[in-house]
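Per UniProt numbering, residue 1 is the first one in the sequence shown, and the count goes up by one each step. For each residue, glycine too, the CB sits at the ideal point set by N, CA and C. Everything on this sheet refers to the single structure shown next.
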Amino acid sequence: MEKILIIGCRNTMDDVCIGCSRCMVAFNRREGYFNRYKDMDAEIIGILNCGGCPGTSIVQRLVQVKLWNMPLKEQPTKIHVGPCLVDHCPYYDDLVTKIHAKAGIEVIEGAHPYMPPTVFA
1 MEKILIIGCR NTMDDVCIGC SRCMVAFNRR EGYFNRYKDM DAEIIGILNC GGCPGTSIVQ
61 RLVQVKLWNM PLKEQPTKIH VGPCLVDHCP YYDDLVTKIH AKAGIEVIEG AHPYMPPTVF
121 A
């Protein structure tokens, strides 16, 4: 079974995204970057924020996920980076480089497909 950890932008998660519902809905519907799990058992085991700008604490936050989940015998097998980071983070390149370098598991740069093409149209 795939165990998914989603990483998003702290500012977006705290102020804009309501419970990261778009990532959750996309996962449940297996849409967007989650369509790879359409015919398999998969579950989300966590949603983690980047730690805030400029993303210097992401490695420590990943270590915390590992430590907190050890007693539960639950570890992520895949990491998805949310569009709040992929499409909008000015520190994205450094942030995702650190995630790829330290995660030790596949990192998918994308999550839900629900970005509106325009705001007021």
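Grab me the residues of Tyr114's own chain with a C-beta within less than 6 Å of its C-beta, minus the 5 sequence neighbours each way, in chain order. Taken in chain order, the residues that qualify are Arg22.
When you compare only the Cα positions, how much space is there between Ile79 and Ala121? For Ile79 and Ala121, the distance between alpha carbons rounds to 33 Å.
Looking at the structure shown, is Gly51 part of a helix, part of a strand, or coil, going by DSSP? Under the three-state reduction of DSSP output, Gly51 falls in the coil class, being neither helix nor strand.
Spatial neighbours of Cys20 in its chain, beta-carbon cut-off 8 Å, leaving aside the 5 residues before and after: Taken in chain order, the residues that qualify are Ile6, Gly8, Met13, Ile47 and Gly82.
Suppose contacts are defined by Cβ-Cβ distances below 7 Å. Is Ile99 in contact with Val86 by that definition? No, Cβ-Cβ distance for Ile99 and Val86 is not below 7 Å.
Would you report the Cα separation of Asn69 and Leu62, rounded to the nearest angstrom? C-alpha separation (whole angstroms): 11 Å.
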